[in-house]
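Single-structure report; data block below.
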Amino acid sequence: LRAAAGALASAARAGALGTVTVERTNGASSLTSPLGRTLEAAGFLATPRGLRLRA
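The working numbering applies: residue 89 is where the sequence shown begins, and numbers increase by one.
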């Protein structure tokens, strides 16, 4: 999952996706899920709506 999170972050930073916000993962809030920590390690930042990465 780390590689996938890194690829998603790279695509967002390159401008291919624009702003990416992940609100839920596997039915749980991305802010408290195990995958959320992986996304944060890839550069996503916590917001009230979820984890966000801007181009």
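By construction, the Cβ of each residue, glycine as well, lies at the ideal position given by its N, Cα and C atoms.
It should be emphasised that the depicted structure is a prediction, and the values quoted were computed from it without experimental measurement.
Once you ignore the five residues that flank residue i on each side, which residues in its own chain have a CB closer than 6 Å to its CB?
i: Ala93; result: Thr126, Leu127, Ala130
Is residue i helix, strand or coil when you go by DSSP?
i: Ala93; result: helix
i: Thr120; result: coil
i: Ala102; result: coil
i: Arg125; result: helix
i: Thr107; result: coil
i: Ala134; result: strand
i: Arg112; result: strand
Grab me the residues of residue i's own chain with a C-beta within less than 8 Å of its C-beta, minus the 5 sequence neighbours each way, in chain order.
i: Arg90; result: Thr126, Ala129, Ala130
i: Arg101; result: Gly131, Leu141, Ala143
Could you work out which residue in the options is closest to residue i when comparing CA atoms only?
i: Gly106; options: Thr120, Pro122, Ser121, Leu96; result: Leu96
If we count the other Cβ atoms within 10 Å of its Cβ and call it buried at 16 or more, is residue i buried or exposed?
i: Ala134; result: exposed
i: Gly124; result: buried
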